[in-house]
Amino acid sequence: AQKITQTQPGMFVQEKEAVTLDCTYDTSDPSYGLFWYKQPSSGEMIFLIYQGSYDQQNATEGRYSLNFQKARKSANLVISASQLGDSAMYFCAMREGGTGTASKLTFGTGTRLQVTL
Amino acid sequence: EAQVTQNPRYLITVTGKKLTVTCSQNMNHEYMSWYRQDPGLGLRQIYYSMNVEVTDKGDVPEGYKVSRKEKRNFPLILESPSPNQTSLYFCASSLVRSSYNSPLHFGNGTRLTVT
Numbered sequence: 001a002q003k004i005t006q007t008q009p010g011m012f013v014q015e016k017e018a019v020t021l022d023c024t025y026d027t028s029d030p031s032y033g034l035f036w037y038k039q040p041s042s043g044e045m046i047f048l049i050y051q052g053s054y055d056q057q058n059a060t061e062g063r064y065s066l067n068f069q070k071a072r073k074s075a076n077l078v079i080s081a082s083q084l085g086d087s088a089m090y091f092c093a094m095r096e097g098g099t100g101t102a103s104k105l106t107f108g109t110g111t112r113l114q115v116t117l
Numbered sequence: 118e119a120q121v122t123q124n125p126r127y128l129i130t131v132t133g134k135k136l137t138v139t140c141s142q143n144m145n146h147e148y149m150s151w152y153r154q155d156p157g158l159g160l161r162q163i164y165y166s167m168n169v170e171v172t173d174k175g176d177v178p179e180g181y182k183v184s185r186k187e188k189r190n191f192p193l194i195l196e197s198p199s200p201n202q203t204s205l206y207f208c209a210s211s212l213v214r215s216s217y218n219s220p221l222h223f224g225n226g227t228r229l230t231v232t
């Protein structure tokens, strides 16, 4: 079974609008972290935001927020006031924290976001 | 500046010619890992290292070797590259080897083409 599922291969959003990128995850580990990364066309992977499984509040970092719904196992990224520079590939990822595990980062297949004028 | 440095950024080679992609981090991180990225498949882990002299296989280790002789360096070795290893490769590190709340910091990537 896929551990991280991103069902939107591509999304369009108009400049200044908000957009939500979907991510669902699957784990039986009670301790885990959820991460979002941005990959612009230049190729580098940029860490955006983190949400821990025990965190009570949704994470926010500037224009980025994470809509964490634990019971539904979803961790959607919300970008407010989109800018042209937000056009990129976005990856959701999970790191599980079980004892003795290597705790690798498992990625979804990504969503390509295009911001239009 | 805290960073993960990979070299080279671009590499074109021929089948069977051994190559090494270097990776170095200056953040004193315990954990280092290599990923490859292919269209439609996301990023997949090749190898990881939880500390010096400790390495282990990830999800797609076939055709690759690694070593961790020093904490800061984690080179990826392709002894006999094949065209199916054409990919974008990332080295990454994190402070704590097994903490689920520790983000990975990535290098800028190495785009490898094997003809």
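Quick mapping for you: the protein sequence lines, in order, are chains A and B. First residue of the first sequence? That's 1 in the numbering used here, and the numbers climb one at a time after it. First residue of the second sequence? That's 118 in the numbering used here, and the numbers climb one at a time after it. We treat Cβ as the ideally placed atom computed from N, Cα and C, and that holds for glycine.
C-alpha distance - Gly224 of chain B paired with Leu84 of chain A, whole-angstrom precision: Locating residue 224 of chain B in the second sequence gives position 107, where the first residue counts as 1. Locating residue 84 of chain A in the first sequence gives position 84, where the first residue counts as 1. Spanning the two alpha carbons is a distance of roughly 24 Å.
Buried versus exposed, by CB contacts within 10 Å (16 or more), Gly10 of chain A: Within the first sequence, residue 10 of chain A is the residue found at index 10, counting from 1. Gly10 of chain A is exposed by the Cβ-count criterion.
Beta-carbon gap between Met94 of chain A and Thr106 of chain A smaller than 9 Å: Residue 94 of chain A sits at position 94 when you count from the first residue of the first sequence. Residue 106 of chain A sits at position 106 when you count from the first residue of the first sequence. Result yes, Cβ atoms of Met94 of chain A and Thr106 of chain A sit closer than 9 Å.
Within-9 Å CB hit, Ser65 of chain A to chain B: Taking the first sequence and counting its residues from 1, the one referred to as residue 65 of chain A is at position 65. Not one chain B Cβ lies under 9 Å of Ser65 of chain A.
CA-to-CA distance, Asn143 of chain B to Arg189 of chain B, given in whole angstroms: Here residue 189 of chain B refers to the residue found at position 72 when the second sequence is read from its first residue. Here residue 143 of chain B refers to the residue found at position 26 when the second sequence is read from its first residue. In a straight line, the C-alpha of Arg189 of chain B is about 6 Å away from that of Asn143 of chain B.
Contact residues within the segment 204-231 of chain B, judged by C-beta distance below 9 Å to chain A: Correct list: Leu205, Phe207, Ala209, Ser211, Val213, Arg214, Ser215, Ser216, Tyr217, Asn218, Ser219, Pro220, Leu221, His222, Phe223, Gly224, Asn225, Gly226 and Arg228.
Per-residue contacts from Gly110 of chain A into chain B (C-beta, under 8 Å): In the first sequence, the residue the question calls residue 110 of chain A occupies position 110. Against chain B, a Cβ distance below 8 Å from Gly110 of chain A picks out Gly159.
Glu15 of chain A at chain B interface by Cβ criterion, 9 Å: Counting from one through the first sequence, the residue named residue 15 of chain A turns up at place 15. Under the Cβ distance rule, Glu15 of chain A does not count among the residues neighbouring chain B, no pair being separated by less than 9 Å.
Beta-carbon spacing of Phe91 of chain A, Gly110 of chain A below 9 Å: Against the first sequence, residue 91 of chain A aligns to sequence position 91. Against the first sequence, residue 110 of chain A aligns to sequence position 110. Going by C-beta atoms, Phe91 of chain A is nearer than 9 Å to Gly110 of chain A.
Val183 of chain B Cβ short of 8 Å to the ligand PLP heavy atom set: Ligands displayed in this structure: none; no statement on the ligand PLP is therefore possible.
Buried or exposed (CB count within 10 angstroms, at least 16 for buried), Gln202 of chain B: Walking along the second sequence from the start, residue 202 of chain B turns up at place 85. So Gln202 of chain B counts as buried.
CA-to-CA distance, Leu229 of chain B to Tyr127 of chain B, given in whole angstroms: Here the question's residue 127 of chain B lines up with position 10 in the second sequence. Here the question's residue 229 of chain B lines up with position 112 in the second sequence. A direct Cα-Cα distance of roughly 6 Å separates Tyr127 of chain B from Leu229 of chain B.
Interface flag, Gln162 of chain B vs chain A, CB-CB below 9 Å: As a working note, residue 162 of chain B is residue 45 in the second sequence. Interface annotation, Gln162 of chain B: in contact with chain A, CB-CB separation under 9 Å.
Per DSSP, cross-strand counterpart(s) of Met45 of chain A: As a first step, residue 45 of chain A must be located in the first sequence, where it is residue number 45. Partner residues in a beta bridge of Met45 of chain A, as assigned by DSSP, do not exist.
Straight-line Cα distance separating Gln57 of chain A from Pro40 of chain A: Here the question's residue 40 of chain A lines up with position 40 in the first sequence. Here the question's residue 57 of chain A lines up with position 57 in the first sequence. Take the alpha-carbon of Pro40 of chain A and the one of Gln57 of chain A: they are about 28 Å apart.
Closer than 8 Å at the beta carbon, the chain E residues around Gly85 of chain A: No chain E is part of this structure, whose protein chains are labelled A and B.
Host beta strand (DSSP E) of Tyr32 of chain A (start-end): On the first sequence, residue 32 of chain A is found 32 positions in, with the first residue counted as 1. Annotation for Tyr32 of chain A: the continuous beta strand (DSSP E) segment containing it runs Tyr32 to Gln39.
Residue of B:Thr227, B:Ile194, B:Asp155 and B:Ala209 minimising C-alpha distance to Glu147 of chain B: Walking along the second sequence from the start, residue 147 of chain B turns up at place 30. It is B:Ala209 whose Cα lies nearest to the Cα of Glu147 of chain B.
Range covered by the beta strand (DSSP E) that runs through Thr20 of chain A: Residue mapping note: residue 20 of chain A aligns to position 20 of the first sequence, counting from 1. Note, Thr20 of chain A: beta strand (DSSP E), Val19 to Leu21.
Residues near Thr27 of chain A in its chain [Cβ-Cβ closer than 6 Å; skip 5 each side]: Locating residue 27 of chain A in the first sequence gives position 27, where the first residue counts as 1. Glu96, listed in sequence order.
Buried/exposed call for Phe35 of chain A, threshold 16 Cβ in 10 Å: Position 35 of the first sequence, counted from the first residue, corresponds to residue 35 of chain A. Phe35 of chain A is buried by the Cβ-count criterion.
For Val115 of chain A and Arg72 of chain A, the rounded distance between their alpha carbons: Here residue 72 of chain A refers to the residue found at position 72 of the first sequence. Here residue 115 of chain A refers to the residue found at position 115 of the first sequence. So the alpha carbons of these two residues sit roughly 28 Å apart.
Ile163 of chain B and Leu136 of chain B closer than 9 Å at C-beta: As a first step, residue 163 of chain B is located in the second sequence; it is residue number 46 there, counting from the start. As a first step, residue 136 of chain B is located in the second sequence; it is residue number 19 there, counting from the start. In this structure, Leu136 of chain B does not lie closer than 9 Å to Ile163 of chain B by Cβ.
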